[in-house]
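When the letters of the sequence shown are read in order and numbered with my numbering, they come out as residues 23 to 497. In what follows, a structure is listed as structure tokens, so that the remarks can point back to it.
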Amino acid sequence: MLGRMQSRSTASALPSLAAAAVVLLVVIANGWWWWSQEASIAPMDLVARLTVLRQDRAGAEPEDVVAEVEKRAWEKLPPAVEVPADRLSGRSLPPTPLPEERVAQVGQGDTLDHALDRLFIHGEAKRKVIEAYRTLHDPRLIRPGQRLFAQFSAASPMDADGLLSLVIAPESRGEGVSVVRVVGENGGAQFRARPGGLPGHMHRQVLRCSITGGLELSLERCGHGRGLSLLVAALLSLRMDLRSDLKMGDQVRVVFDELVAADQRIRYERVVGLHYTGKKVNLIGASWEDAKGRVAFFSPSGAALEPMFVRDLVYGARLTSVFGMRMHPILRKLKPHLGIDLAAPTGTPIRAASAGVLVARQHAGAAGKLVRIRHSAGFSSEYFHMSRFARGLYPGNKVRRGQIIGYVGTTGRSTAPHLHFGVRKGGVHVDPLTAFDTPGKSVPARDLAEFKASVAPILALLDRIVVVAKERGLD
Ligand SMILES: [Zn+2]
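So, in structure tokens, the structure goes:
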């Protein structure tokens, strides 16, 4: 009885052993496949492609986000996400069969004409598309890095006559131009241009990149275009001098959103998280939108990344005189100099140092043409010797931070074109170079909890980029 049972159980064990062997083989094969997939992706590429996280998951738990990063880390292309971008024009796609979509990128030295060739748009259709585009923009101003997104009817996808629409996207900001097919008077195809209509879905992406030269060159080596370096540079330059503070081997990690269509990037949308680890500067920040819809970058504790004052008041200017006692160049007397002098050619735009209200715009003797702006926290700023004022700007007007308020000149008591820039706190002149270190407005205490919850997934992604890279032996 016992023997029979044993032999029966041995017999029944055979098929299950065979099944186990099959399972084992599958597991090994899968493992090899995974490994070979990993090996076939260049290291930077892999990190760059920790693609992921739908826009609608921005509020998801960090753990979910990380799981999703891991899950898709090996995928060559991001899967299509069925979440329309908020910029998607109201127009829905035609019913099935779906149109064929193709994307082309404008290369160095490329013309719109050449880029259209690569989309198989030629002849009469190409001429009409360029004509339509010209009604809104100069086709000669197309820049390398811009993307063209074309939709063709499913019936004739390789035929220029099948072109339904073409969207020409800007590199980062701006709304783009759609050229759409309309039926002409004689029934023939015509094209009409209108602003907007960017296609696609928003993807959140992460990137880690080592500085191996300038910022643009480094990001390019990490597989990214100028559109992204512009966005990253705008943030980094809030706290560092990009000409001297970038050092070889520094590392930048970025969490950014991109607009994707037909499995390709249409453009970089925005940077939402940034971590810079450098020899001279360390920086970490995430973007947050307050209840009034203002978006700014903050440290994890809620301190503003943006200082209160813009440093680049006059692009390319040279500091020729500092705050304090000096021998006056015209009066030949020892006199306090109540600001700094920034030398630049006549006509160079002057930017408002911070947001505020314009309180003076006049021609006042020694100061020449001057502007005064009142800011928050008891600060005000003044700008002397202008050649002319910005058009349409008068006392009582609100001024944005960085807005052009006038142009460099040499009016009043001045020997050469320059901007004299002064800052007062509570009515008393202070050293502008010191004032430049004043931090901007941090997250208000009442919003701190909401802020922390909202930036947590972004900070988790920034941390996770390094962990994943280490696990994959890329660090
Ligand atoms: Zn001066």
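All C-beta atoms in this analysis are idealised placements derived from N, C-alpha and C, irrespective of residue type, glycine included. On a predicted model such as this, the values are computed, not experimentally measured, just so you know.
Run through DSSP, which three-state label would residue i get?
{"i": "Glu193", "result": "coil"}
{"i": "Glu242", "result": "helix"}
{"i": "Val254", "result": "helix"}
{"i": "Asp135", "result": "helix"}
{"i": "Glu328", "result": "coil"}
{"i": "Ile372", "result": "strand"}
{"i": "Gly414", "result": "coil"}
{"i": "Val465", "result": "coil"}
{"i": "Lys474", "result": "helix"}
{"i": "Gly249", "result": "helix"}
{"i": "Ala33", "result": "Since pLDDT at Ala33 reaches only 45, below the 50 mark, its modelled position is unreliable, and no value is offered."}
{"i": "Ala482", "result": "helix"}
{"i": "Arg203", "result": "strand"}
{"i": "Met66", "result": "Only weak support exists for where Met66 lies, its pLDDT of 34 falling under 50; the value from the coordinates is given anyway. It is helical."}
{"i": "Arg169", "result": "strand"}
{"i": "Leu188", "result": "strand"}
{"i": "Ile487", "result": "helix"}
{"i": "Leu72", "result": "Note that Leu72 scores a pLDDT of 33, beneath 50, so its modelled location is shaky; the value from the coordinates is reported in the next line. DSSP places Leu72 in coil when its eight states are reduced to three."}
Using a Cβ-Cβ cutoff of less than 8 Å, which residues in the same chain neighbour residue i once the five nearest sequence positions on both sides are dropped?
{"i": "Ala89", "result": "At Ala89 the pLDDT is 36, less than 50, meaning the model places this residue with poor confidence and gives no usable figure here."}
{"i": "Gln384", "result": "Lys391, Leu392"}
{"i": "Ala283", "result": "Glu123, Val125, Phe171, Pro221, Gly222, His223"}
{"i": "Val379", "result": "Ile395, Arg396, Gly418, Asn419, Lys420, Val421"}
{"i": "Ala438", "result": "Ala365, Thr432"}
{"i": "Pro121", "result": "Leu115, Gln173, Phe174, Ser175, Ala176, Pro179, Leu186"}
I'd like the span of the alpha helix (DSSP H) that includes residue i, first residue to last.
{"i": "Pro454", "result": "454-457"}
{"i": "Ile152", "result": "145-156"}
Given 7 Å as the limit, tell me if residue i has its C-beta closer than that to any heavy atom belonging to ligand 1.
{"i": "Gly361", "result": "yes"}
{"i": "Ser343", "result": "yes"}
{"i": "His442", "result": "yes"}
Counting along the chain, where does the beta strand (DSSP E) carrying residue i start and finish?
{"i": "Ser232", "result": "223-232"}
{"i": "Ala176", "result": "Taken as a continuous stretch (DSSP letters only), Ala176 belongs to no beta strand (DSSP E), as it is neither H nor E."}
{"i": "Leu441", "result": "440-447"}
{"i": "Arg275", "result": "273-283"}
{"i": "Gly428", "result": "426-429"}
{"i": "Gln16", "result": "Outside the displayed range of the chain (23 to 497) lies residue 16, so it cannot be described from this structure."}
{"i": "Phe213", "result": "211-217"}
{"i": "Arg124", "result": "122-127"}
{"i": "Gly307", "result": "304-311"}
{"i": "Phe142", "result": "Taken as a continuous stretch (DSSP letters only), Phe142 belongs to no beta strand (DSSP E), as it is neither H nor E."}
Please return the same chain residues whose Cβ sits closer than 7 Å to the Cβ of residue i, not counting the five positions on each side in sequence.
{"i": "Ala255", "result": "Leu237, Leu264"}
{"i": "Gly129", "result": "Pro166"}
{"i": "Thr234", "result": "Ser240, Arg243, Met270"}
{"i": "Pro217", "result": "Leu158, Glu197, Val199"}
{"i": "Ile352", "result": "Arg435, Thr437"}
{"i": "Leu335", "result": "Leu364, Ile372, Arg373, Ala375, Leu441, Phe443"}
{"i": "Ile362", "result": "Leu341, Ser343, Val344, Phe345, Phe443, Pro454, Leu455"}
Which same chain residues, not among the five before or five after residue i, have their C-beta less than 6 Å away from its C-beta?
{"i": "Gln273", "result": "Ser232, Thr299"}
{"i": "Gly324", "result": "Ser464, Val465, Leu470, Phe473"}
{"i": "Gln127", "result": "Arg169"}
{"i": "Ser376", "result": "Met330, Phe331, His397, Arg423"}
{"i": "Ala389", "result": "Phe406, Gly434"}
{"i": "Lys447", "result": "Gly400, Phe401"}
Runs of 3 residues minimum, wholly inside the region 327-412: which ones carry the beta strand (DSSP E) assignment?
340-343, 346-349, 356-359, 362-365, 371-373, 378-385, 391-396, 401-408
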